[in-house]
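Accompanying notes for the structure given below.
There are 2 protein chains.
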Amino acid sequence: MKIQEFSRQTSLSAKTIRYYEAIGILPPPRRAPNGYREYDEGHLERAHFVAGARSLELSLGEISELLAMQNRREAPCRTMLDQIRRKADQIAERISLLQQMEKDLRKLYKLGLTFPTDDVDGKDCICHLVKERRTA
Amino acid sequence: MKIQEFSRQTSLSAKTIRYYEAIGILPPPRRAPNGYREYDEGHLERAHFVAGARSLELSLGEISELLAMQNRREAPCRTMLDQIRRKADQIAERISLLQQMEKDLRKLYKLGLTFPTDDVDGKDCICHLVKERRTA
DNA sequence: CTTGACCTTCCTGTAACTGGAAGGTGTATA
DNA sequence: TATACACCTTCCAGTTACAGGAAGGTCAAG
Numbered sequence: 126m127k128i129q130e131f132s133r134q135t136s137l138s139a140k141t142i143r144y145y146e147a148i149g150i151l152p153p154p155r156r157a158p159n160g161y162r163e164y165d166e167g168h169l170e171r172a173h174f175v176a177g178a179r180s181l182e183l184s185l186g187e188i189s190e191l192l193a194m195q196n197r198r199e200a201p202c203r204t205m206l207d208q209i210r211r212k213a214d215q216i217a218e219r220i221s222l223l224q225q226m227e228k229d230l231r232k233l234y235k236l237g238l239t240f241p242t243d244d245v246d247g248k249d250c251i252c253h254l255v256k257e258r259r260t261a
Numbered sequence: 126m127k128i129q130e131f132s133r134q135t136s137l138s139a140k141t142i143r144y145y146e147a148i149g150i151l152p153p154p155r156r157a158p159n160g161y162r163e164y165d166e167g168h169l170e171r172a173h174f175v176a177g178a179r180s181l182e183l184s185l186g187e188i189s190e191l192l193a194m195q196n197r198r199e200a201p202c203r204t205m206l207d208q209i210r211r212k213a214d215q216i217a218e219r220i221s222l223l224q225q226m227e228k229d230l231r232k233l234y235k236l237g238l239t240f241p242t243d244d245v246d247g248k249d250c251i252c253h254l255v256k257e258r259r260t261a
C-alpha cells in the first residue's frame with residue numbers, strides 16, 4: 126500500500142510517517158519503481174506499536190528505547206510496564222495541577238464579571254488580578 | 126535592580142527575561158554604564174502581568190495581544206475575560222482526556238502484571254497490548 | 001592579584017512535528 | 001491528446017518557550 130493508505134490504517138499523518146522514518150523510528154520501506162514508498166502488513170505492526178505508545182504519551186525517545194530492546198532480543202515488557210506506571214503517575218500529577226488551574230481560572234472569571242470592562246489603566250479590572258496572581 | 130534580583134522578584138529566570146525582552150514582550154530596560162540591565166518598579170508590574178498570564182497557560186502570543194491592546198489604550202479586560210473562560214474550557218477538556226488516559230494506563234498496567242515478562246516476540250505480553258490499542 | 005559571582009552577547013539545541021515550495025507520476029475525462 | 005487533479009517525492013524553514021554553553025567583561029573581597 127502507498128503512504129496515504131498506510132496513513133489511514135495507522136492514523137499517523139503521511140508527514141509523521143516520513144518523519145518517523147527519517148529519525149529511525151520506522152524502518153524504510155521498499156520503493157516502487159517510481160520511487161513511491163510501498164508498505165505491507167509487517168510495517169503496520171510496528172507503526173501500530175509506535176502509535177499506541179504515543180497515544181499513551183510515551184516520548185519518541187522512550188519508544189526508541191523499547192524498540193532497541195526488541196532489536197537486541199531483550200524482552201522490553203518489564204521496562205514497558207514500569208514506564209506505563211511512571212506515565213500514569215505523571216499524568217495524575219498533571220491532572221491535579223490542571224484542576225487547580227481550572228479552579229483558579231473559573232474563580233478569576235467570576236470575579237472578573239463583577240469588574241468594569243473599560244478600565245484602560247487596569248487598576249480595577251481583571252488585568253490587575255492577573256498581575257497580582259501568585260502561584261498559590 | 127539587576128537582572129538576578131529582578132528574576133527573584135518575578136520568578137522568571139534571567140534567561141527568560143532576556144528572551145522576553147528580545148521578542149518584545151518586555152520593554153528593554155535602561156543600562157548601567159557597564160552595560161548591565163537596570164530594572165525598577167515599573168518593570169516589575171509588566172513582568173508580573175506576563176508571569177501571571179503565563180501561569181494561567183496563556184501563550185506568549187495571546188499575552189502579546191493583550192499587551193498590544195493596552196498599548197493602543199483599549200481596555201483588554203473583556204478580551205482577557207473571554208480568553209480566561211476559553212482557557213478554562215480547554216483545560217477542562219484536557220483534564221478529561223488525561224483522566225481517560227490515566228485510566229487506560231492503570232488498566233494496562235494491571236493487565237500487564239498478569240502477563241509473562243520475558244516474551245521476546247511480544248505475542249503474549251504487554252507490548253502486544255500496546256500494539257492493539259485503539260483510541261477508544 | 002586572583003578568585004568568584006555576577007553580567008553581557010551570540011549560537012545551538014530541544015520535541016515532535018507541520019507547512020510549503022518545486023517537481024515527478026498516474027489516471028480520468030473533455 | 002491535452003489537461004486537470006490527486007497523488008507522490010525531497011528539502012528547507014518554522015513552530016513554542018525557552019535552556020545550555022562558550023567567550024568574554026565587571027566588580028568586590030581577601
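Residue numbers (the working numbering), protein chains in the order written: chain A, 126 to 261; chain B, 126 to 261.
Don't be surprised by glycine CBs; every beta carbon is placed ideally from N, CA and C.
Keep in mind that this is a model prediction, so the values were computed, not measured.
Along chain A, which residues have their Cβ under 7 Å away from the Cβ of residue i?
i                 : result
Gln224 of chain B : Ile220
Leu185 of chain B : Here the premise fails: no neighbours, minimum Cβ distance about 14 Å.
Could you name the residues of chain B that residue i contacts, counting a contact when the two beta carbons are closer than 7 Å?
i                 : result
Arg231 of chain A : Ala213
Arg210 of chain A : Tyr234
Would you mind telling me which residues of chain A sit closer than 9 Å to residue i, beta carbon to beta carbon, in chain order?
i                 : result
Ile216 of chain B : Leu223, Gln224, Met226, Glu227 and Leu230
On the criterion of 16 or more Cβ atoms from any shown chain inside 10 Å, does residue i qualify as buried, or is it exposed?
i                 : result
Gln208 of chain A : buried
Lys212 of chain B : buried
Ala273 of chain B : Residue 273 of chain B lies beyond the stretch modelled for chain B, which goes from 126 to 261, so this question has no answer here.
Leu181 of chain B : buried
Arg133 of chain B : exposed
Gly92 of chain B  : A query on residue 92 of chain B cannot be resolved here, the shown segment of chain B reaching from 126 to 261 and no further.
Leu191 of chain B : buried
Ala72 of chain B  : Outside the shown range of chain B (126 to 261) lies residue 72 of chain B, about which nothing can therefore be said.
Tyr145 of chain B : buried
Leu222 of chain A : exposed
Gly160 of chain B : exposed
Gly177 of chain B : buried
CA-CA distance, residue i and residue j?
i                 : j                 : result
Ser136 of chain A : Arg155 of chain A : 21 Å
Leu206 of chain B : Asp165 of chain B : 29 Å
Tyr234 of chain A : Arg197 of chain B : 24 Å
Arg210 of chain A : Leu183 of chain A : 11 Å
Glu163 of chain A : Gln195 of chain A : 24 Å
Glu187 of chain B : Val175 of chain B : 10 Å
Thr141 of chain A : Leu185 of chain A : 12 Å
Arg179 of chain B : Gln225 of chain A : 15 Å
Ile220 of chain A : Arg203 of chain B : 28 Å
Ala172 of chain A : Pro152 of chain A : 10 Å
Ala261 of chain A : Thr239 of chain A : With a pLDDT of 37 at Ala261 of chain A, under the threshold of 50, the modelled position of that residue is not reliable, and no figure is offered here.
Leu230 of chain A : Met126 of chain A : 48 Å
Phe131 of chain A : Leu169 of chain A : 8 Å
Find out if the Cβ-Cβ distance for the pair residue i, residue j is shorter than 7 Å.
i                 : j                 : result
Ala139 of chain A : Ile128 of chain A : yes
Glu227 of chain A : Ala217 of chain B : yes
Give the interface partners of residue i over in chain B, defined as CB-CB distance under 8 Å, in chain order.
i                 : result
Pro182 of chain A : Correcting the residue identity first, residue 182 of chain A is Glu in this sequence and not Pro. Neighbours of Glu182 of chain A on chain B, chain order: Met226.
Residues of chain A with CB under 8 Å from residue i, in chain order?
i                 : result
Gly167 of chain B : Under the 8 Å cutoff, chain A gives no residues; its nearest Cβ is about 12 Å from Gly167 of chain B.
Gly237 of chain B : Cys202, Met205, Leu206 and Ile209
(message) As an exercise, report each continuous alpha helix (DSSP H) stretch of at least 4 residues that is fully enclosed by the region 208 to 245 of chain B, in chain order.
(response) Complete alpha helix (DSSP H) runs here, min 4: none at all.
(request) Entirely within the region 159 to 190 of chain B and at least 4 residues each: give me those alpha helix (DSSP H) ranges in chain order. (result) Counting whole runs of 4 or more residues, the region 159 to 190 of chain B contains the alpha helix (DSSP H) stretches 166 to 180.
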